[in-house]
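Single-structure report; data block below.
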Amino acid sequence: MSGQVGRFVTSKDGTKIWAEDGGNKAGIPVVFIHGLSCTGHAWDKQFGDKKLLEHLHLVRYELRGHARSDYPMTEDFYTQEKYAEDFMAVIESFGLKKPFACAWSLGAATVCDVAQVFGPDVIAGTIFSGGPVMTLDHHKEWIHNELKTNLPSFLSHDGDLLPIAANVFVDSCLKHPQRDLPFEARVKWLGGFLMQPPTVRTYTFLRGQKWDRWEKEFTRTPHLLIQGQDDKHSETMRVLPLIKKVIPDIEIKLVDDIGHSPCWEVPELHNAYLLEFVQRISGHDQ
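Given below as C-alpha cells:
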C-alpha cells in the first residue's frame, strides 16, 4: 500500500479535516468514519482490500479533534452541526454524490448528524461496522458495563493515568488484542488515543444530539449492521432488539468470537458483507 498522504479539507468553520481516498474513482462511493479517540488507520484493512479498491471509491477522514485533523479547544466546536458540516466538506472535496457511509462505533453518530442537519438524501445507505452509536441517546441504552466502568479513566486529565487508560481502551476494542493487533499497529491505535486532549475527548463523547428528523426521514434508507458477539463497548444482546425497533428493515450480520472491531478483526468477512450490500443497493450486483 502506498504512503498515506491524504489532504486537508476546510470545514465551514475553518477547521482543517484530514481525508484520503483510494480505489476506483468511478466506483460506488463509500465514506469511512472511525470511532472515538481513533484514527483513519482503523480502516487500513479496507483500503488494502483488492476487491474493494476495484469496485468502490473509498474515502476516509478523521473527525475533528482526532489524529491529523484540527483540535479546537472549546465546546462550541463540537456540535451536531459541525460534525455534519465536516462530512459535507469531505464529500464535496472528493466530488462524491450520495455516498454510502461505513461508520464504526462513535463514528455512527455522524450519520445521524448529517441526516438531522441536511436531510435524508445525502447518504445512500449505512453500514454500521460494530458497536454503533446510532445516536448518543440510544447508545446509553446498550452501553456495555465494562465501557461504562472504564469511562472515567478514559476521560481523565491525569497524565500518569492516561497511558494505562490508553492500553485498556485499545484492548477493549478487540476480543483477542494480542493476536489481532501486532505492536506496530498497536502503537498507531495508542497514538490515536494519546494525541487527543482529554478535554476534546470529553466534548466529543458528551456532546448533545437531536435525532427526531433522522428517525422520521432517514431510518427507512438501507442499513446493514455487522456486529461482534463479544463487543465490550456495546452489549450485543441489547443492541439487536433496540436497533430493530428503530430501524425495522436493518440487515444484521452477527459474527462469533470477535469484539468491537469487525473491520479489523475479520476484515475479509466484513468487506465481503460491505461490498455485497452496497452493490446490491446500488444495483451494481456483480
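Under my numbering, think of the first position of the sequence shown as 1, with each following residue one higher.
Using N, Cα and C, we set each Cβ at its ideal position, and we do this for glycine too.
Computed from a predicted model, the values in this text were never measured in an experiment.
Whole-Å CB distance - residue i paired with residue j, under 8 angstroms assumed
i	j	result
THR236	GLN227	6 angstroms
LYS16	SER69	6 angstroms
SER129	ALA19	Incorrect: roughly 18 angstroms between the Cβ atoms, too far for contact.
ASP231	HIS157	Not confirmed; about 28 angstroms, so no contact.
LEU190	ASN167	7 angstroms
Nearest neighbour of residue i, chosen from the options [CA to CA]
i	options	result
ARG7	ARG201, ASN24 and ALA89	ALA89
HIS233	PRO262, ARG207, TRP214 and LEU224	PRO262
LEU118	ILE127, GLU141, ASN167 and GLU217	Looking at the sequence provided, one finds Phe at residue 118 rather than Leu. Out of ILE127, GLU141, ASN167 and GLU217, GLU217 has the C-alpha closest to the C-alpha of PHE118.
GLY259	ASP212, GLN196, ILE281 and SER105	SER105
LYS50	ILE247, GLY40, GLU184 and ASN271	ASN271
ASN24	CYS38, TRP189, VAL59 and LEU36	VAL59
TYR61	ASP44, GLY208, ARG186 and MET134	ASP44
ASP249	THR39, GLY125 and VAL5	GLY125
PRO132	LYS245, ILE91, LEU190 and GLY35	GLY35
HIS223	VAL246, ARG213 and GLN229	VAL246
GLN229	LEU174, LEU155 and TRP214	LEU174
Backbone CA spacing between residue i and residue j [nearest angstrom]
i	j	result
THR74	TYR203	8 angstroms
GLU276	ASP160	46 angstroms
VAL200	ASP86	16 angstroms
HIS57	ASP137	32 angstroms
ILE164	LEU147	15 angstroms
ASN150	HIS66	20 angstroms
ILE28	HIS139	29 angstroms
TRP264	ASP21	19 angstroms
ALA115	LYS98	12 angstroms
GLN196	LEU269	31 angstroms
LEU274	GLY283	14 angstroms
ARG64	VAL31	15 angstroms
VAL266	PHE169	19 angstroms
ILE281	PRO120	16 angstroms
LYS210	GLN80	8 angstroms
MET1	ALA101	Model confidence at MET1 stands at a pLDDT of 38, short of 50, so the residue's coordinates are unreliable; what they give is reported in the following sentence. Straight-line Cα distance between these residues: approximately 23 angstroms.
ARG238	GLY192	28 angstroms
GLY14	PHE77	10 angstroms
TRP142	GLY95	36 angstroms
LEU194	ARG179	22 angstroms
ILE243	GLU54	32 angstroms
GLN46	GLY208	31 angstroms
ALA84	SER172	28 angstroms
HIS176	PHE183	13 angstroms
ILE33	ALA42	9 angstroms
THR39	GLN279	27 angstroms
PRO152	ARG186	22 angstroms
VAL5	PHE205	28 angstroms
LEU225	MET134	10 angstroms
ILE123	VAL9	19 angstroms
PRO241	SER37	28 angstroms
ILE91	LYS82	15 angstroms
PRO198	LYS188	18 angstroms
Delimiting residues of the beta strand (DSSP E) encompassing residue i
i	result
GLU251	251-255
PRO29	28-33
ARG280	Taken as a continuous stretch (DSSP letters only), ARG280 belongs to no beta strand (DSSP E), being part of the alpha helix (DSSP H) at 267-282.
ARG7	7-10
THR126	126-129
ALA19	16-23
LEU288	The question about residue 288 has no answer, for the chain in this structure spans 1 to 286.
Span of the alpha helix (DSSP H) around residue i
i	result
HIS55	50-55
TRP211	Careful: TRP211 lies outside any alpha helix (DSSP H) and carries neither H nor E.
ALA101	ALA101 -> not in any alpha helix (DSSP H); beta strand (DSSP E) instead, spanning 100-103.
LYS45	44-47
ILE317	Nothing about residue 317 can be read from this structure; the chain reaches only from 1 to 286.
LYS188	183-194
ILE164	162-172
HIS138	136-142
ILE123	Counting along the chain, ILE123 falls outside any alpha helix (DSSP H), and DSSP gives it neither H nor E.
VAL90	80-93
ARG179	177-180
PHE154	145-154
For this session: Kindly confirm or deny that the stretch 244-256 and the stretch 103-111 touch, where touching means at least three C-beta pairs closer than 8 angstroms.
Result: no
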